[in-house]
Every structure is written in structure tokens, then in C-alpha cells.
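The opening position of the sequence shown corresponds to residue -12 in our numbering, with each subsequent residue numbered one higher.
Glycine included, C-beta positions come from ideal geometry on N, C-alpha and C.
Presented below is the structure to which this report refers.
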Amino acid sequence: MTPQRVFITGASSGIGAALAARYAAEGATLGLLARRRDALDTLVAGLPHPERHRAYSVDVRDHAAIAAAARDFLAHAGGIDVVVANAGVSAGTLTEHAEDLAVFDTIIATNLLATAATFAPFIATMRAQRTPARLVGIGSVAGIRGLPGAEAYSASKAAVISYCESLRLEMRPYGIKVVTLCPGYIDTPMTKVNTYPMPFLMPVERFAAAALRKIAGGSSYAVIPWQMGVVAKLLRLLPNTLYDLAFARAPHKTRQPLP
């Protein structure tokens, strides 16, 4: 298979770093974007053929900076095959606390708006290439039904799922696949702060391997691990009355300010 050209946001740790490692092992040329320059440099140095890859220290809320990074990577790689809008943040939020509105802003801007800003600079090139390409949005099982104490995070991920569905229809005439991946509980720095049980917790390396298979196959939507996919389907079917009884007292994420 021809080595791919892959651009990943939120690449410095967790799911993004694991995806980068898997793609690099397959010979891909990578554009890796995240806020932390030191973590990006460490990641790139440990990948096969580090000279192939580009690292961009960018906050995904800066849409102009994402576009500039995209232009640089397209020039470097000569095109694009896969774009993974993976950057995301999570924190507990409670609407009655006025100070949490700033956290809402950060979560929506990072998880939702940055997904569109990440895809936008690559679409024209993908259309012109007339070769198979993938736009990959990272949703979450938390976006399937709203979770107590996670109003902002659940809303942002539900929006990512719906946004990617709309975009999938728009991209269909051009042969561009839009893949929505919904992780369950994955063992990453984001979940390590959780103090409650996490069913079907999955090592991030196993998630990355499964994700690459779904992306390569052009899956429109996938929950990983599959066990959480079964749970997700059941949650969709559960009447509100029963859902409320089951989840009203579910554990809350910790409230915290975000940069």
C-alpha cells in the first residue's frame, strides 16, 4: 500500500499520539499538531523516520494557525490522505455555576469548532486529488445521551457526531469518506483523572489499532470498543423515563477551569 499522508490534531498524548505511532509504523508522513511543543518534539523524535514528519505547536482555537499549518503540511507532503480532528478537552460543568460558562466556551471551541477548522483547509485538495481520502471526527459515547455533570462535554460530542453526519453527505459526491469514531473509556491522561468505575476500559494502543482499521475501511460511524457500541445502541433505545432513573445519580466529572 502507498504510504499515506496523515494530519492529526491533539497529537501530543493519548489517542492522538497512539494514532501517530501506528501510522508512522506503517510508513506514513505525518503532520502533528498540539499545543505542547516539548511533547510534540519528543513524540516525533521517537517515531520511525522523524525527518518525514512536521510538528506544529498550535492551539486549535486559533483557526488561522491551523490553516497555516495545513498549508505547510500540504506543501511538504504533496497532498493529503487522512485528517484526524482529535483535539479535545473535558471537564465537569454545572450550568448553575456562572463561572462554568467559560469552561463551556473552551470545550465547545476545542471539541466542535476546531473540528470544522481542522477539516476546512484540506477539503479543496482532497477534491482535486480525486483519490480516496478520509476526514475523521472524534466523537464519544458521551455524545449519545447527555451525562449529568458533563453538559458541555456531552453537548460538544453530540454536536461532533451530527456535524460529521452532515459533512458525510456533503462529501459523498467527491468520494471523500467522513468517519466518525466514538471512543468509550480509553486509558489516556483524560480518563486517568476519573474517580469512578469505567466499564470496558481499553488500552490506547488497542484503540489506535482498531481505529486505523475503521478509517481504512471508510466506516461512517464506529464505537470503540465494540462492547460500548452495544451499550450505546441500548442507550439510544432507552425511554427518557428509564434513562433518567438509571443515570440521574451517575458519577460526575470533576469541575475545573480550563486554559
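Buried versus exposed, by CB contacts within 10 Å (16 or more), residue i
i, result
"Pro35", "exposed"
"Gln(-9)", "buried"
"Arg117", "exposed"
"Thr80", "buried"
"Ser153", "exposed"
"Pro212", "buried"
"Val217", "exposed"
"Asp25", "exposed"
"Pro334", "Residue 334 lies beyond the residue range present for the chain, which begins at -12 and ends at 246; the question has no answer from this structure."
"Gly126", "buried"
"Asp87", "buried"
C-beta atoms of residue i and residue j nearer than 7 Å
i, j, result
"Leu199", "Arg9", "yes"
"Met215", "Val76", "no"
"Gly124", "Thr167", "yes"
"Ile173", "Val147", "no"
"Ala101", "Ala137", "no"
"Leu19", "Ala7", "yes"
"Leu30", "Val70", "no"
Segment limits, beta strand (DSSP E) that includes residue i
i, result
"Thr(-11)", "Here Thr(-11) belongs to no beta strand (DSSP E), and DSSP marks it neither H nor E."
"Lys179", "Taken as a continuous stretch (DSSP letters only), Lys179 belongs to no beta strand (DSSP E), being part of the alpha helix (DSSP H) at 176 to 179."
"Ala235", "From DSSP, Ala235 is part of no beta strand (DSSP E); its letter is neither H nor E."
"Ile211", "208 to 211"
"Ile125", "120 to 125"
"Val76", "First-last for Val76: undefined, no H or E at that position."
Terminal residues of the alpha helix (DSSP H) in which residue i lies
i, result
"Ala198", "191 to 204"
"Val31", "24 to 32"
"Ala111", "101 to 116"
Strand pairing of residue i, partner residues [DSSP]
i, result
"Ser44", "Ala21"
"Ile173", "Met189"
"Ala137", "Thr80"
Rounded Cβ spacing between residue i and residue j (contact assumed at less than 8 Å)
i, j, result
"Val45", "Ala54", "Not quite, the Cβ-Cβ distance comes to about 10 Å (not below 8 Å), so this is no contact."
"Met113", "Ala104", "Incorrect: roughly 16 Å between the Cβ atoms, too far for contact."
"Met158", "Gly171", "With 8 Å as the limit, Met158 and Gly171 do not qualify as a contact, their Cβ atoms being about 26 Å apart."
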